[in-house]
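Mapping of the sequence shown onto my numbering: position 109 corresponds to residue 206, and the numbering continues sequentially without gaps.
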Amino acid sequence: MSSQVTETHSDLLVHDGKPHGNWRDDFFKNGYAIIKGVISKDRAEYYRQQQFKWLKSFGLGFDENDEATWDNDHLPVAFKGGMYLAYSAAHEKFMWEGRLEPAVQKVFADIWGTDELLVSFDGFNMTPPRLRGTDWKPWPHCDQHPLRRGLQCVQGLMNFAPNGPKDGGLLLMEGSSQLYDTFFKENRQQEGDADRPKDLFIFTQEDVKWFEARGCKLIKVCLEPGDFVVWDSRTMHYACFPDAESQTIRSIQYICMTPAKFATKEDLELKAELFKGWNSTTHWPHCNIHRQGAPMRNGEVDPLDRKEPLEKPVLSDRLLQLAGVKAY
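Laid out in C-alpha cells, this is it:
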C-alpha cells in the first residue's frame, strides 16, 4: 500500500486539541468553517462581474438580467448546472487573482501551519435560479478515498453574491468527517486501489440517514459576498439547486490548498505540465492530478472549446509556486 495514501500528515497541523476561540476550532470539530469577510464586498463584486464577462464571451446571448437566457443554449457547457471546469477557465486571470488574495492564502496557511502551498486548478460556479435544461439531482459525496487516512485535503470556496437559505449553494453534513473511518469500516467498498485511489465516494440516501442517526446535521451554508468556507475532504457535501423563489445567481470560486511537501516529484512534474497546457484538474492540489475532459455538447466536443484562457494570468513567482511549477 502506498505510503502517500495512508500518511496522515498530522505533523503539520496547527490544531493542538486546545480551544483557540476562532474559526479553526469549528473546522477541526465540525469538518468545516466559515470565515467572514476574507475579501471586501467590492472585491467580491469584481470577481462576480468577471464571471459574467467570461460567460458572455462565448457569444451565446447569455444576459444575467434576462431570465429567458438562463438555459443551456445560452451558456457554455457546465457540470451539474453551473460548475465551469473546461475552456481553460481554471487559468483565467481573474481566477488566479482569487487564489493569490493574501487573506485566502492565510486561511490555508493557518490550517496547515505553512505558507508553502499548492493550489488546485479548480473552476467556478455560477448557477442561475430556474435554470432550464438541467436535470439536477442531489449527489452527496466526499472527495477522499477511505485508504487516505486522516486530514489530507482541505477544500474551499470564495463567495461573491448574497447567498441565503433559498439560494443555490453548499450543503455540508456537519460532523461527518469525524465518522469517516467508522462509516467505511462497515464493509463499504470504493473504486480504485492503494496505488491509484478514486477520490470520490457517492453516498446513498440511506448513507445520509446513517450519519444523521449518529448526530450529524445537514447544513445549508449561507454566506455574504466576500465570505470564505473551508471543509475537510472527508466531509459529506454537495451543491443545492436554488429554490423557485430565489432571485440570485450563485457566484463562487473553488479554491483548495495543501502543503507543497505532500506532493511527490512525479506529481509536481505532472502538475507543471498541466499548468503549461492551461488544463484544469481535481480539487486535490498535490495528488490525484489528472486532466479534465473536453466540454461535450450534443455528444460532441463543443466547437467553442478553448485551449488557453481568454485573458492569461500574470506569471509571478508566487503564482508559479502555487502552481507547482517553481520550487519553494
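For each residue, glycine too, the CB sits at the ideal point set by N, CA and C.
All of these numbers come straight from a predicted model, not from anything done at the bench.
Query raised in the report: In chain order, what residues of the same chain lie with their CB nearer than 7 Å to the CB of LEU419, ignoring the 5 residues before and after it?
Result: ARG196, LEU214, LEU215, VAL216
Query raised in the report: Buried or exposed: LYS175, going by 16 or more other Cβ atoms within 10 Å of its Cβ?
Result: In the sequence under discussion, the amino acid at residue 175 is Ala, which differs from the Lys named in the question. Classification for ALA175: buried.
Query - First and last residue of the uninterrupted beta strand (DSSP E) at THR279 - result: Element bounds for THR279: not the beta strand (DSSP E) but the alpha helix (DSSP H), 277-282.
Requested in this report: Starting from HIS425, follow its DSSP beta bridges and name the residues at the other end.
Outcome: The residue you asked about is not His; residue 425 is Tyr in the sequence shown. DSSP, once it has assigned bridges, lists no residue as partnering TYR425.
Query - Classification of VAL326 by the beta-carbon crowding that lies within 10 angstroms, buried from 16 upward - result: buried
Report task. Using three-state DSSP, classify HIS238 as helix, strand or coil. Result -> strand
Query raised in the report: Nearest to GLU342 by CA position, among ASP207, GLU370, TRP209, GLY265, is which residue?
Result: GLY265
Report task. Drop a sphere of 10 angstroms on the beta-carbon of PRO243, count the other beta-carbons inside from all chains shown, and report buried for 16 or more, exposed for fewer. Result -> buried
Query - Cβ neighbour criterion (16 or more within 10 Å) applied to TRP193 - result: buried
Query raised in the report: Out of ASP240, LYS138, LYS314, which has the shortest C-alpha to C-alpha gap to CYS384?
Result: ASP240
Report task. Report yes or no: is there a C-beta of chain D within less than 7 Å of the C-beta of PHE159? Result -> Although the question refers to chain D, the structure presented lacks it and comprises just one protein chain.
Query raised in the report: In three-state terms, what does DSSP make of SER348?
Result: strand
Query raised in the report: What does LEU269 pair with, by DSSP beta-bridge criteria?
Result: ILE316, HIS334
Query raised in the report: Is the Cβ-Cβ distance between GLU363 and GLU189 less than 7 Å?
Result: no
Query - Simplified DSSP state of THR301, which is helix, strand or coil - result: coil
**Report entry** Beta-carbon gap between SER377 and PHE218 smaller than 7 Å
**Finding:** yes
Query raised in the report: Tell me the DSSP bridge mates of ILE132?
Result: PHE325
**Report entry** 6 Å CB neighbourhood of GLY158 in its chain, flanking five on each side removed
**Finding:** THR166, HIS171
Query - DSSP beta-bridge partners of ASP168 - result: ARG229
Query raised in the report: If you check the beta carbons only, do CYS46 and TRP375 fall under 7 Å apart?
Result: As displayed, the chain neither begins before 98 nor continues past 425, which places residue 46 out of reach and without an answer.
Report task. Use the C-beta contact count for LYS150: other C-beta atoms within 10 angstroms, 16 or more gives buried, fewer gives exposed. Result -> exposed
Query raised in the report: Per DSSP, what kind of secondary structure is TYR184 in: helix, strand or coil?
Result: coil
Query - Inter-stretch contact (C-beta, 8 Å, three-pair minimum) for the segment 246-262 and the segment 393-405 - result: no
Requested in this report: Write down the C-beta distance between PRO173 and PRO392 rounded to the nearest angstrom, noting that I regard them as a contact closer than 8 Å.
Outcome: 7 Å
Query - Contacts around VAL414, its chain only, beta-carbon distance under 7 Å, and the 5 residues preceding and following it disregarded - result: It should be pointed out that residue 414 corresponds to Asp in this sequence rather than to Val. So the list reads LYS423, once near-sequence residues are dropped.
Query - Close-in-space but distant-in-sequence residues of the same chain around PRO235 (CB under 7 Å, 5 per side omitted) - result: TYR335
Query raised in the report: What number of angstroms, rounded off, separates the C-alpha of LEU417 from the C-alpha of GLU366?
Result: 13 Å
Query - Inter-stretch contact at 8 Å, needing at least 3 Cβ pairs: the segment 342-353 / the segment 268-283 - result: no
**Report entry** GLN389, DSSP secondary structure in three states
**Finding:** coil
Report task. With distances taken Cα to Cα, identify the nearest neighbour of GLY323 among GLY178, MET180, PRO262, VAL135. Result -> VAL135
Query raised in the report: Would you say ARG60 and LEU412 are within 7 Å of each other, going by their C-beta atoms?
Result: Shown here, the chain extends from 98 to 425; a query on residue 60 therefore has no answer.
Query raised in the report: With contact counted as at least three CB pairs below 8 Å, one residue from each stretch, are the segment 302-315 and the segment 176-188 in contact?
Result: no
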